[in-house]
Amino acid sequence: VDQENDQGSLESSIPNNQGLLTANRGKFLIAAIVLISSLVYFAFMAFQSATVYYYTVGEMNSQASTPEGRIVRVSGKLVPDSFHRSEGSTVAHFSLTDGESIMSAMHKKIL
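Each residue of the sequence shown is one higher than the one before, starting from 1 at the first, in the numbering used here.
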């Protein structure tokens, strides 16, 4: 009879790791969700800020002139032999075309 009590107490003294494993799994799952959410957020913000609207040459010709200092991005091909820049200057003058319309453009920074 004493042997049964000794075995019963021996089995009950072995720690139950089931609760500990479940708690660690829960923490890992929460950390993984936070990490994945952060990566998705940063990827979304990077793509959103990189998305810029480019006007066509025809759209720019149909608008009034742009205000001084406003940066406008235009999609078009460089007209052959239209690129001119003075020696030692960063100001460039050139013409762009979309195949139908042509517009004059200027760029003030290093190309």
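All residues carry an ideal CB built from backbone N, CA and C; glycine is no exception. As the structure is a prediction and not an experimental result, all values here were calculated from the model.
Count the other CB atoms within 10 Å of the CB of residue i; is the residue buried (16 or more) or exposed (fewer)?
{"i": "V34", "result": "exposed"}
{"i": "A76", "result": "According to the sequence displayed, residue 76 carries Gly and not Ala. G76 is buried by the Cβ-count criterion."}
{"i": "M45", "result": "exposed"}
{"i": "V57", "result": "buried"}
If you draw a straight line from the alpha carbon of residue i to that of residue j, how long is it in whole angstroms?
{"i": "N87", "j": "H93", "result": "Note on identity: in this sequence residue 87 is Glu, with Asn being the wrong assignment. For E87 and H93, the distance between alpha carbons rounds to 13 Å."}
{"i": "S82", "j": "D98", "result": "15 Å"}
{"i": "A105", "j": "V40", "result": "38 Å"}
{"i": "S95", "j": "I71", "result": "17 Å"}
{"i": "H84", "j": "S101", "result": "20 Å"}
{"i": "Y53", "j": "S62", "result": "16 Å"}
{"i": "T51", "j": "A43", "result": "12 Å"}
Could you check whether the Cβ of residue i sits closer than 7 Å to any heavy atom belonging to the ligand ADP?
{"i": "G99", "result": "As far as ligands go, the structure on display features none, and thus does not contain the ligand ADP."}
Where DSSP assigns a beta bridge to residue i, which residues make up the other side?
{"i": "S95", "result": "S104"}
{"i": "R73", "result": "According to DSSP, which records beta bridges pairwise, R73 is partnered with nothing at all."}
{"i": "Y55", "result": "V74"}
Kindly list the residues whose CB is nearer than 7 Å to the CB of residue i, restricted to its own chain and excluding five residues on each side of it in sequence; keep chain order.
{"i": "T90", "result": "K108, K109, I110"}
{"i": "L78", "result": "F94, L96"}
{"i": "L29", "result": "none"}
Tell me which residues share the same chain as residue i and place their Cβ nearer than 6 Å to its Cβ, disregarding the 5 neighbours each side in the sequence.
{"i": "Y55", "result": "V74"}
Looking only at its chain, what residues have a beta carbon closer than 8 Å to the beta carbon of residue i, apart from the 5 residues adjacent to it on each side?
{"i": "A32", "result": "none"}
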